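Read the structure below first, then the notes.
In this note's numbering, the protein residues as written are 1 to 204.
As structure tokens, this is what we get:
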């Protein structure tokens, strides 16, 4: 029996918790836990059906609020969804349908910060950058860099840390990137890239 062309439902959950996919009768179809944040479910549209109905349910960890919504998947295209925080409600979530390009960008950004401790929370990011950027005057100089350039780079990095402590993450990233233009540093560049990915992931 010909089942027709399989279409795919993609869901990205950049938060710790459990995502479940159910059919219209609320019967479980697929589920993923945190640590594997992309759910991919292939389905075969019923003969003559214009769309197929699914239910997505997300439950946060440790009793945090979750969300649920009906998804109407059309057989003529794949469907891409991203879980995002609802800024208008405390501890709220939204499941939003996005274009494939936005889904891919967000997934790539998530992969860049996945190895941060405790799932890359803001506090953990602060601690990691603080530990990395406690640079003293004995920081090794690049051979081609005069001392004043090294001092200026350190000052920019400290300013970046001050902005990070005030919650100005975009400003912190700007200072770190300025310091890297003066004094390249592989570790600092890696952390700046993670912070850039974190900001991109948090943007609406």
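All residues carry an ideal CB built from backbone N, CA and C; glycine is no exception. All values reported here derive from a predicted model rather than from experimental measurement.
Euclidean distance between Cα positions of residue 78 and residue 68: 20 Å
Cβ-Cβ distance between residue 178 and residue 154 below 7 Å: Inclusion of residue 178 and residue 154 in the CB contact set at 7 Å is not warranted, their separation being larger than that value.
Close beta carbons around residue 23, own chain, < 8 Å, minus the five adjacent residues each side: 29, 53, 54 and 55
Pairwise C-alpha distance: residue 197 and residue 159: 20 Å
7 Å CB neighbourhood of residue 173 in its chain, flanking five on each side removed: 192, 195, 196 and 199
Exposure label - residue 175; buried when at least 16 CB within 10 Å: buried
Alpha helix (DSSP H) segment containing residue 70, residue limits: Taken as a continuous stretch (DSSP letters only), residue 70 belongs to no alpha helix (DSSP H), being part of the beta strand (DSSP E) at 67-73.
Buried or exposed (CB count within 10 angstroms, at least 16 for buried), residue 96: exposed
Beta-carbon spacing of residue 215, residue 18 below 7 Å: With the chain running from 1 to 204 in the structure shown, residue 215 is simply not present.
Proximal residues to residue 106 (C-beta, below 8 Å), its chain only, five neighbours per side dropped: 12, 14, 82, 98, 200 and 201
Contact check, residue 41 vs residue 21, beta carbons under 7 Å: yes
Option nearest residue 70 by Cα separation, candidates 102, 94, 182 and 84: Checking every option, the nearest Cα to that of residue 70 belongs to 94.
Cutoff 6 Å; reference residue 9; Cβ partners in own chain excluding five residues on either side: 41, 73 and 79
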